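Worksheet for the structure shown next.
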Amino acid sequence: MNREVTLPLIVDHRGTLQVSAADVSKLLRTMGGRWLHLVEAGDERLDEDTVAALTIELAKLADRIDVACIAHSSGSRA
Numbered sequence: 001m002n003r004e005v006t007l008p009l010i011v012d013h014r015g016t017l018q019v020s021a022a023d024v025s026k027l028l029r030t031m032g033g034r035w036l037h038l039v040e041a042g043d044e045r046l047d048e049d050t051v052a053a054l055t056i057e058l059a060k061l062a063d064r065i066d067v068a069c070i071a072h073s074s075g076s077r078a
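So the sequence shown is numbered by the numbering used here: it starts at 1 and just counts up by one.
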């Protein structure tokens with residue numbers, strides 16, 4: 001998957017983030033982890049290669065969110 005996703009930060013008029021980046025990142029990583037667990041447990045409805053690829057992409061997206069929010073918090077641009 002080479003498609004880039006632009007993630008807007010949701011901020012109020014004071015520049016305060018409105019969504020906890022830690023919660024969103026954790027959710028994305030948890031989803032991938034649960035899918036992997038289902039595959040490891042033998043769930044035949046899930047394709048192992050597809051789950052692995054999606055889990056990697058979710059982790060990359062979570063990393064990008066973390067970096068963007070760190071840059072926002074520090075006043076710099078990522």
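Glycine is no exception: its CB is placed at the ideal position from the N, C-alpha and C atoms.
Computed from a prediction, not measured in an experiment: that's the story for all the values here.
Rounded to whole angstroms, what is the Cα-Cα separation between Met1 and Glu57?
Confidence at Met1 is low in this model, with a pLDDT of 49, below 50, so the placement of that residue should be treated as unreliable; the coordinate-derived value is given next. Straight-line measurement puts the Cα of Glu57 at about 8 Å from the Cα of Met1.
Inter-residue CB distance, Leu54 and Gly32 (contact presumed, cutoff 8 Å)
With 8 Å as the limit, Leu54 and Gly32 qualify as a contact, their Cβ atoms being about 7 Å apart.
Report the rounded CA-to-CA distance for Val24 versus Ala52, giving the unit in angstroms.
Distance from the CA atom of Val24 to the CA atom of Ala52, rounded to whole angstroms, is 20 Å.
I'd like to check one pair, Ala62 with Leu38: are the Cβ atoms closer than 7 Å?
Not closer than 7 Å, so no.
To the nearest whole angstrom, what separates the beta carbons of Ala90 and Asp66, a pair I think is in contact under 8 Å?
Shown here, the chain extends from 1 to 78; a query on residue 90 therefore has no answer.
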